[in-house]
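Here the structure is laid out as structure tokens; the discussion comes afterwards.
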Amino acid sequence: MKLPFVIALLGLAGFAPGAWGWSNHTLGSYLALQDVAPLREAPTVEVEPLEQFLAQEHTGLVALLQAQESFAREHFADYPPRPDDLALTTTPASDPRRAFLMALRVNPQIHLALMFQPLPGQDEPARGHLKPSQVMVAQTLSPWATQRFIALAPGEQIAPLAVLATAADEPDYGHDINLFSDNPGEVGALYGFGVQSFGDERFEYSSQAPFHIGFFHESAVIYAGAPFLKRSWPDWRIYQYFDLARFAFATGHPYWGYRFLGWGLHYVQDLTQPYHATPLPGADLAGMLLMEGKALAGFDSEKKAAIARVATRHTEVEKYQGAWLEQLLLAKAPHPMLAAYADTARDATYPPYSTAYARDVVAAQANAQAAAFDEAIGQWLAASGGVQGFSQGNQLQRQTYDHEPLNSQLVELLRHMGAHSRNFVRAGMGAH
Ligand SMILES: [Zn+2]
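Counted the way our numbering counts, the sequence shown spans residues 26 to 457.
The following block contains the structure:
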């Protein structure tokens, strides 16, 4: 069975929020992790350039990445094997940083700047700052971004929480841009991922979508008609970085331990967003097939409307939540949304962390709430008089954030995001 509807739909799944998944991940991470005791009590760490870590641990990294590749081939469904010539060689390459990033199959053009993001209202204006263009690759720069990046120097001491929370936003700065064979650039042809499985090709940054979105819980009929839906690998990225974090901690490089752990955390948090875990929230299979049948018969308005609806709701709800969060942080007053991130009541009710956790626990939970979430967004948009275009993004500052059904959906989802963030970080630190 062919489902061109889904194919067309996924053309839009990577619209703007390919780069989001709860807006700025650093803010949510600070809130979720602030009271994790092992993290709060951990000593400050020394900022270390990547090159130093790579030089000191080369031999161990050769073995680690080889073991990761063997594991991935065996344990991840639809995993595209890494071409053997990308493996780290026993003798270090002339450009060790580039060789390492290519062995991980990450965009070698990322900046990996030494910096940290403060919470809104906690910037330190007297300190040196980096420009966004020094932190993010060009395709991910956004006129709506409000992040501040305080520069760090090698050898400087920094709190583990700041490293982790900052790193949690980094995979949106270019890690997964242009890795497919049909993307521009030099590595797509070398990496073995094949053609881009989904994402809106009009937006260059959307080439990262198959690494930040995972459709793990669709029906067999959907996968049969649209097998490319399985070609997404956020769970593999999580595995890579979790394992690297454990290695860095064990070999005495805590700065990189926390930074790699933050990278893995990003994808865990992405999967708590229902639109990152569900291709078409709110549509049942019969409805999708009926819509597709009509479209094939020449009546495609319903289908087009559904596609546009998903892209709009995904985008608008992230803008609403992101702007609201920033406002609450600046207001410095207690609020149920801030409390939800930090609510530890249910952390221990989830299964112990494992490589399958992101897919079987995190994405499954987001997928299960997708229809209700989508419906609440629809109600909010209808009540607020429709969508505000990208060009009017600043008007969001005047939002009142008083749509109760949407707010309660958001608070519940952010409670999940906080719990999974803590469970992942505790496991990565070897704490319980
Ligand atoms: Zn992401």
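From the three backbone atoms N, C-alpha and C, an ideal C-beta is built for every residue, glycine too. All figures in this text were calculated on a predicted structure; none of them were measured in a lab.
| Asked | Found |
| --- | --- |
| In whole angstroms, what is the alpha-carbon distance linking R152 and A176? | 8 Å |
| My parser needs the alpha helix (DSSP H) runs of 4 or more residues fully inside the region 55-80; what are they? | 62-66 |
| Return the Cβ separation of N242 and A389 in integer angstroms, given the expectation that the two are a contact with Cβ distance under 8 Å. | Reading the sequence as shown, one finds His at residue 242 and not Asn. Indeed they touch by this definition, with Cβ atoms about 6 Å apart. |
| Would R447 and D325 be called neighbours here (beta carbons separated by less than 9 Å)? | no |
| So, under 8 Å CB-CB, F218 and F205 are touching, yes? Tell me the CB distance rounded to an integer number of Å. | 5 Å |
| Please go through the region 185-240 and give each complete alpha helix (DSSP H) segment of 4 or more residues, from N-terminal end onward. | 185-192, 213-216 and 234-237 |
| Going by other Cβ atoms of all chains shown within 10 Å of its Cβ, with 16 needed for buried, is T303 buried or exposed? | buried |
| Out of T425, Q352 and L363, which has the shortest C-alpha to C-alpha gap to Q59? | L363 |
| Looking at the structure shown, is M161 part of a helix, part of a strand, or coil, going by DSSP? | coil |
| Report the three-state DSSP secondary structure of A176 (helix, strand or coil). | strand |
| On the DSSP bridge list, what partners appear for Q394? | According to DSSP, Q394 bridges with nothing at all. |
| Among residues of its own chain, excluding the 5 on either side of Y104, which ones have a beta-carbon nearer than 8 Å to its beta-carbon? | A97, R98, W258 and W261 |
| Is the region 118-125 close to the region 138-153, with three or more CB pairs under 8 Å? | no |
| Have a look at E317, V342 and A118 and flag the residue whose alpha-carbon is nearest the alpha-carbon of A330. | E317 |
| Output needed for F40: all residues of its chain with C-beta closer than 8 Å, excluding positions within five of it in sequence on either side, in chain order. | Because the pLDDT at F40 is just 40, under 50, the model does not fix this residue reliably, and the value given afterwards should be weighed accordingly. Contacts found: D225, F228, S231, A336, H339 and T340. |
| Identify which residue in G289, H200 and L89 has its Cα closest to the Cα of V131. | H200 |
| Taking only runs that begin and end inside the region 310-351, name each unbroken alpha helix (DSSP H) of 4 or more residues, in chain order. | 310-321 |
| Give the secondary structure of F272 by DSSP, where H, G and I count as helix, E and B as strand, and everything else as coil. | helix |
| Residues near ligand 1, CB to any non-hydrogen atom under 6 Å, in chain order? | G46, P196, D197, H237, H291 and D295 |
| Can you name, in chain order, every residue of its own chain whose Cβ lies under 6 Å from the Cβ of G282, other than the five neighbours on each side? | A270, A273 and F274 |
| Can you tell me whether M140 is helix, strand or coil according to DSSP? | strand |
| Quick check: the Cα distance between D385 and T374, rounded to an integer number of angstroms? | 14 Å |
| So F141 and T191 are in contact, right, with Cβ under 8 Å, and what is the actual spacing, rounded? | 4 Å |
| Spatial neighbours of P430 within its chain, please: C-beta separation below 7 Å, excluding the five flanking residues on both sides. | A401 and Q404 |
| I need the DSSP call for F415, collapsed to helix, strand or coil. | Note that F415 has pLDDT 44, beneath the 50 cutoff, so the model's placement of it is unreliable and no number is given. |
| Can you tell me the Cα-Cα spacing of Y198 and S48, whole angstroms? | 13 Å |
| According to DSSP, simplified to helix, strand and coil, what is H445? | helix |
| Among the residues of its own chain, which have a CB less than 8 Å from the CB of A178, if the five just before and after it don't count? | V72 and L139 |
| Whose CA, out of A381, Q233 and L353, lies closest to the CA of Y426? | L353 |
| Tell me the residue span of the alpha helix (DSSP H) that contains D295. | P279 to D295 |
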